[in-house]
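Asker: Starting off with a structure, shown below.
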Amino acid sequence: MPEWTLNVNPAELRVLVSGFQSWSEAELRPLQDTQAVPLMRWRHEQGHDPGFLPSGQAGVWRSHTVLALVRPDGSGWVGGAGDATQTFVGWEARASGDQVTVTCTLEGPEVPVLWEETSDVTATLEAQAVRLGRAMHARTPAPLRVWCSWYSYYRAVTLDAMLDNARRARDLGLPFEVFQLDDGFQADLGDWTEPSAHFGGHARDLPGPLGDLGFTPGLWLAPFLAAPSSRLFAEHPDWMLRGEDGQPLPVGHNWGGAYYALDTTHPEVLAWLRDLAATVRGWGYTYLKLDFLYGAALPGVRHNPQVGRAQAYRQGLQALRDGAGQDAFLLGCGAPLAQSIGLVDAMRTGPDVAPFWDEESRRVWLGDATGPSARNALHTALSRWYQHPWYQPDPDVAICRRELSLLSHEEREAVAGMLDVIGGLRASSDPIALLDDEGLALLRRCLTISTPDRPAALTQSFGGAVTHFSRGTF
Ligand code: 9PG
30 MPEWTLNVNP AELRVLVSGF QSWSEAELRP LQDTQAVPLM RWRHEQGHDP
80 GFLPSGQAGV WRSHTVLALV RPDGSGWVGG AGDATQTFVG WEARASGDQV
130 TVTCTLEGPE VPVLWEETSD VTATLEAQAV RLGRAMHART PAPLRVWCSW
180 YSYYRAVTLD AMLDNARRAR DLGLPFEVFQ LDDGFQADLG DWTEPSAHFG
230 GHARDLPGPL GDLGFTPGLW LAPFLAAPSS RLFAEHPDWM LRGEDGQPLP
280 VGHNWGGAYY ALDTTHPEVL AWLRDLAATV RGWGYTYLKL DFLYGAALPG
330 VRHNPQVGRA QAYRQGLQAL RDGAGQDAFL LGCGAPLAQS IGLVDAMRTG
380 PDVAPFWDEE SRRVWLGDAT GPSARNALHT ALSRWYQHPW YQPDPDVAIC
430 RRELSLLSHE EREAVAGMLD VIGGLRASSD PIALLDDEGL ALLRRCLTIS
480 TPDRPAALTQ SFGGAVTHFS RGTF
């Protein structure tokens, strides 16, 4: 295990960390602070890496793939990985007395580890990110503008609502490229080709009319998950990732109960995943939002114990890419970040936006900043700004509507402004009919790709926002 001892006063340093997957917290904090560990045990699998949890001790910070220590003048140290295709690279910085010890743990095959002292942490982070992106053949297509059904319709989405919004967007000349159907169309988690009772049609009925309106059809899938009530689970109990007790391993709680993950070391699972992606591609969906991908990367007992969890994850994602085709646009979500480089086109780099600023009870008292809120989404996506050479970052949707939202005018503007600074995908979920003139003007502004991905721009806008929202640490 590589280890470095730095003779430096820990009180001078801030530490930059990035969590396991899209929703896990990323942040820049004083090194002597304490990294939050979620109090709720059942959240560990859902937003964190149960194999590499924060220690909960003051002055000890853990991070996946990248870690930086920053002096007040912007100089410091940057740790990174030379490759992450089959390996999880875990960093830990530990303050003690007038020293800091940094260790790096590899889970998977050996890969080069980068550790650099630098006069400019920002520039070194960028340079290391470019290097990893190149080594893993990053896909960085042009950014897209996406309308997504989740943040206003949630699971109650219908075929009619999709088409109504698409028609209104076309009539108003809103510059979306993609109309993406989210969770709610499917009979059950895992039973993707059967419709839900309330959807009012079948997902395969949507791409035709969306294409006629001039939009690229997009579809949400959580392809590695299965609900215990699903046909998939009943027919293939042997396909599930297992715990030490030999039973299918619950990998989270949502949709009214526990859910399970597919074991992507099983050849039949890989064939099924390829087939699923090819099927929805055949229906006409060329943009796929692949969600809850972390499920295939958790510690557990697998069909082929020779395959490590990072490699298992990657081969599951590769099967989806093979089925969807090289020219499909794949957005990863709830996904291990660096391990997805080269297979996804875009990546959610934070938790979900919500139509409210913060949920302090969960974030502060329960130690869990992975929950939906405008604050959590921006805080984490901004703290991952250097990842843009890995994929198109997706900082999640702007919320421009005033109805069905608790965001103030300033908060709406802050979300929109920071999404622009982060760059990457531009997305909205507002029902078009709910937008008044002010909302439409803000939406048009959000959909205008104006700011290049640049740390300087980030610092300016970030600074502005911090002054504006003086409620605690942003
Ligand atoms: C659909 C949604 C949307 C959204 C995704 C994802 O930890 N959780 O319980 C949890 C639930 C939902 C969630 C994230 C975390 O949201 O990010 O855009 O697609 O699924 O169900």
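Numbering follows this note's numbering, with no gaps: position 136 of the sequence shown is 165.
Glycine is no exception: its CB is placed at the ideal position from the N, C-alpha and C atoms.
Any heavy atom of the ligand 9PG inside 6 Å of the beta-carbon of residue 234?
Answerer: Numbered from its first residue, the sequence shown carries residue 234 at position 205. No - the ligand 9PG has no heavy atom lying nearer than 6 Å to the Cβ of residue 234.
Asker: Is it the case that the region 220-236 contacts the region 320-332, given that we only count it when at least three CB pairs across the two stretches are under 8 Å?
Answerer: no
Asker: Considering only DSSP beta bridges, list what residue 177 is partnered with.
Answerer: Against the sequence shown, residue 177 aligns to sequence position 148. Residue 177 pairs with 209.
Asker: Between 361, 402 and 464, which has its C-alpha nearest residue 421's C-alpha?
Answerer: Taking the sequence shown and counting its residues from 1, the one referred to as residue 421 is at position 392. Ranked by Cα distance from residue 421, the options 361, 402 and 464 are led by 361.
Asker: If residue 397 and residue 48 are in contact, beta carbons under 8 Å, what's the gap, nearest whole angstrom?
Answerer: Locating residue 397 in the sequence shown gives position 368, where the first residue counts as 1. Locating residue 48 in the sequence shown gives position 19, where the first residue counts as 1. Their Cβ separation, rounded to whole angstroms, is 11 Å, which puts residue 397 and residue 48 out of contact at 8 Å.
Asker: Shortest alpha-carbon distance to residue 181 belongs to which of 430, 439, 112 and 449?
Answerer: Translated into the one-based positions of the sequence shown, residue 181 becomes position 152. Measuring from the Cα of residue 181, the nearest candidate turns out to be 430.
Asker: Any heavy atom of the ligand 9PG closer than 6 Å to the CB of residue 405?
Answerer: Working through the sequence shown from its first residue, we reach residue 405 at position 376. Not under cutoff, so the answer is no.
Asker: Shorter than 6 Å, the distance from the beta carbon of residue 351 to the closest heavy atom of the ligand 9PG, or not?
Answerer: Taking the first residue of the sequence shown as position 1, residue 351 is located at position 322. Not under cutoff, so the answer is no.
Asker: Does residue 465 pass the burial test, meaning 16 or more other C-beta atoms within 10 Å, or should it be called exposed?
Answerer: One-based indexing of the sequence shown puts residue 465 at position 436. Flag for residue 465 reads exposed.
Asker: Does the pairing of the region 184-192 with the region 230-243 give three or more beta-carbon distances under 8 Å?
Answerer: yes
Asker: Closer than 6 Å by C-beta to residue 313: which residues in its own chain qualify, once you throw out the five before and the five after it? Chain order, please.
Answerer: Against the sequence shown, residue 313 aligns to sequence position 284. Once the five neighbours on either side are set aside, the close Cβ partners of residue 313 are 236 and 246.
Asker: Can you tell me whether residue 33 sits near the ligand 9PG, meaning its C-beta is under 6 Å from at least one heavy atom of the ligand?
Answerer: Position 4 of the sequence shown holds residue 33. It does not: the Cβ of residue 33 is nowhere closer than 6 Å to a heavy atom of the ligand 9PG.
Asker: Count the other CB atoms within 10 Å of the CB of residue 394; is the residue buried (16 or more) or exposed (fewer)?
Answerer: Looking up residue 394 in the sequence shown gives position 365. Label assigned to residue 394: exposed.
Asker: Please report the Cβ distance between residue 150 and residue 105, rounded to the nearest whole angstrom; I am assuming they are in contact, meaning their Cβ atoms lie under 8 Å.
Answerer: Numbered from its first residue, the sequence shown carries residue 150 at position 121. Numbered from its first residue, the sequence shown carries residue 105 at position 76. Right, the Cβ-Cβ distance comes to about 5 Å (below 8 Å), so this counts as a contact.
Asker: Can you tell me whether residue 215 sits near the ligand 9PG, meaning its C-beta is under 6 Å from at least one heavy atom of the ligand?
Answerer: By 1-based counting over the sequence shown, the position of residue 215 is 186. Residue 215: no, Cβ never under 6 Å from the ligand 9PG.
Asker: Below 6 Å CB to CB, which residues in the same chain sit around residue 260 once its five sequence neighbours on both sides are set aside?
Answerer: By 1-based counting over the sequence shown, the position of residue 260 is 231. So the qualifying residues of the chain are 220.
Asker: Can residue 421 be considered in contact with the ligand 9PG, in the sense that its beta carbon sits closer than 6 Å to one or more heavy atoms?
Answerer: Your numbering for residue 421 matches position 392 in the sequence shown. Every heavy atom of the ligand 9PG is 6 Å or more from the Cβ of residue 421, so no.
Asker: Assess, as a yes-or-no matter, whether the region 49-57 is touched by the region 404-421 under the definition of 3 or more beta carbon pairs within less than 8 Å.
Answerer: yes
Asker: Which residue marks the beginning of the beta strand (DSSP E) containing residue 358, and which one marks its end?
Answerer: In the sequence shown, residue 358 corresponds to position 329, counting from 1. 358-361 is the extent of the beta strand (DSSP E) around residue 358.
Asker: Roughly how many whole angstroms lie between the Cα atoms of residue 461 and residue 363?
Answerer: Taking the first residue of the sequence shown as position 1, residue 461 is located at position 432. Taking the first residue of the sequence shown as position 1, residue 363 is located at position 334. If you take the alpha carbons of residue 461 and residue 363, they lie about 27 Å apart.
Asker: Out of 97, 145 and 119, state which residue places its alpha-carbon closest to the alpha-carbon of residue 134.
Answerer: Indexing the sequence shown from 1 puts residue 134 at position 105. The option with the nearest alpha carbon to residue 134 is 119.
Asker: Apart from the five residues on each side of it in sequence, which residues of its chain come closer than 7 Å, Cβ to Cβ, to residue 107?
Answerer: The residue labelled residue 107 in the question sits at position 78 within the sequence shown. Taken in chain order, the residues that qualify are 97, 145, 147, 150, 153, 154 and 157.
Asker: One question on the structure: do residue 427 and residue 457 come within less than 7 Å of each other, judged by their Cβ atoms?
Answerer: Counting from one through the sequence shown, the residue named residue 427 turns up at place 398. Counting from one through the sequence shown, the residue named residue 457 turns up at place 428. Yes.
Asker: Measuring alpha carbon to alpha carbon, tell me which of 298, 326, 373 and 335 ends up nearest residue 315.
Answerer: Here residue 315 refers to the residue found at position 286 when the sequence shown is read from its first residue. Cα-wise, what sits closest to residue 315 is 373.
Asker: How far does the beta strand (DSSP E) with residue 246 in it extend, from its first residue to its last?
Answerer: Stepping through the sequence shown from its first residue, residue 246 is reached at position 217. Start and end: 245-250.
Asker: Taking the alpha carbon of residue 169 as the point to measure from, which residue in 213, 121, 370 and 463 has its own alpha carbon closest?
Answerer: Against the sequence shown, residue 169 aligns to sequence position 140. Of 213, 121, 370 and 463, the residue nearest in Cα terms is 370.
Asker: Just the C-alpha distance for residue 482 and residue 449, rounded to the nearest angstrom, thanks.
Answerer: By 1-based counting over the sequence shown, the position of residue 482 is 453. By 1-based counting over the sequence shown, the position of residue 449 is 420. Summary for residue 482: the model assigns pLDDT 47, below 50, so the residue's position carries little reliability; its value from the coordinates is reported in the next sentence. Each residue's Cα considered, the two are about 9 Å apart.
Asker: Determine which residues share a DSSP beta bridge with residue 133 and list them.
Answerer: To locate residue 133, count along the sequence shown from 1; it is residue 104. Answer is 120.
Asker: Could you round the C-beta distance between residue 418 and residue 451 to whole angstroms and report it? I think they count as a contact, below 8 Å.
Answerer: Taking the sequence shown and counting its residues from 1, the one referred to as residue 418 is at position 389. Taking the sequence shown and counting its residues from 1, the one referred to as residue 451 is at position 422. Their Cβ separation, rounded to whole angstroms, is 14 Å, which puts residue 418 and residue 451 out of contact at 8 Å.
Asker: What are the start and end residues of the alpha helix (DSSP H) that includes residue 342?
Answerer: Residue numbering aside, residue 342 sits at position 313 when the sequence shown is read from its first letter. That run of the alpha helix (DSSP H) goes 338-353.
Asker: According to DSSP, which residues form a beta bridge with residue 127?
Answerer: Working through the sequence shown from its first residue, we reach residue 127 at position 98. According to DSSP, which records beta bridges pairwise, residue 127 is partnered with nothing at all.
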